[in-house]
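Participant: Sharing a structure with you now.
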Amino acid sequence: MDFSHCYHINAMLFAKVLHIRNMLEKVRVDLLILERQIGLDIIVKFYNLEL
4 MDFSHCYHIN AMLFAKVLHI RNMLEKVRVD LLILERQIGL DIIVKFYNLE L
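Residue numbers 4 to 54, in my numbering, belong to the letters of the sequence shown in order.
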């Protein structure tokens, strides 16, 4: 039985999973930044209405 073939497939899958995880992490960070910006925009708008 050739285990090197299995290892190669596992390595490829692992690389794909890591790649997807990195992409999700980046999206999560982008969403957090966007959320902050939207929150700040809303605060600024309300602040301007109060003045």
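Glycine included, every Cβ here is placed at the ideal spot set by N, Cα and C.
These numbers were taken from a predicted model, which means no experiment stands behind them.
Quick check: what's the CA-CA separation for ASN51 versus LEU34?
Facilitator: 25 Å
Participant: Could you pull out every residue in the same chain whose Cβ sits closer than 6 Å to the Cβ of ASP44, ignoring the five residues on either side in sequence?
Facilitator: none
Participant: By Cβ distance below 7 Å, which residues in the same chain neighbour LYS29 in space, the five residues on each side in sequence not counted?
Facilitator: none
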